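**Q** In our numbering, the protein residues as written are -15 to 171.
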């Protein structure tokens, strides 16, 4: 599971804690075992994160070690780092990533899946964190031939098939600054 604060989209994370249970028979030795966290492409991850901003069960990644950030197959990025403490098989694990790591919250509201694996159990375990839209800031008109595209400007894709002066239906949405639909809004 994971906990991310704040859950408003488009902001810099207040830090995050990703919790999981180490696999049975999958002990990790200090400074030898690794943890890999997979972030989807919707998570803006900086190109480097300093080791002191990543803690495992309250202990920062060891001096002389640098977390690596690599492309994730299928999109996104992988953050891999050595565990600074020994973690027993079946033991709980808390990975804290401080706000100073500058991981940004996605700009598109809804569920985002984060994966975790260790060098002793190299199979992804996934969890989902859901982000909520900001308050409504504008109205978005979607004509026939267009499709909503939350999280990116101008909030829609496609070419309108409705000609000037031609009668037809359209959709009017209240959206936040990232074009995420607001369920019930007063604008």
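Even glycine gets a Cβ: it sits at the ideal position worked out from N, Cα and C.
Quantities reported herein were computed from a predicted structural model and do not represent experimental measurements.
So what does DSSP say about residue 93, is it helix, strand or coil?
**A** Locating residue 93 in the chain shown gives position 109, counting from the first residue. Three-state result, residue 93: coil.
**Q** Along the chain, which unbroken stretches of the beta strand (DSSP E) at least 3 residues long are found entirely within the region 12 to 72?
**A** 18 to 23, 38 to 40, 52 to 55, 61 to 66
**Q** Can residue 100 and residue 4 be called in contact, C-beta distance under 7 Å?
**A** Stepping through the chain shown from its first residue, residue 100 is reached at position 116. Stepping through the chain shown from its first residue, residue 4 is reached at position 20. Cβ atoms of residue 100 and residue 4: closer than 7 Å.
**Q** Run through DSSP, which three-state label would residue 84 get?
**A** For the purposes of this step, residue 84 is taken as residue 100 along the chain shown, with counting starting at 1. Three-state result, residue 84: helix.
**Q** By the 10 Å Cβ neighbour count, where 16 or more other Cβ atoms means buried, how is residue 27 classified, buried or exposed?
**A** Here residue 27 refers to the residue found at position 43 when the chain shown is read from its first residue. By the 10 Å Cβ count, residue 27 comes out buried.
**Q** Would you mind listing the alpha helix (DSSP H) stretches within the region 106 to 132 that are 4+ residues and don't spill past its ends, in chain order?
**A** none
**Q** In its own chain, which residues sit with a C-beta less than 6 Å from the C-beta of residue 18, not counting the 5 before and 5 after it?
**A** Here residue 18 refers to the residue found at position 34 when the chain shown is read from its first residue. So the list reads 64, 66, 103, once near-sequence residues are dropped.
**Q** Excluding the 5 residues preceding and the 5 following residue 133 in the sequence, name in chain order all residues of the same chain whose CB lies nearer than 8 Å to its CB.
**A** Against the chain shown, residue 133 aligns to sequence position 149. Excluding positions up to five away in sequence, the list reads 139, 140, 141, 163.
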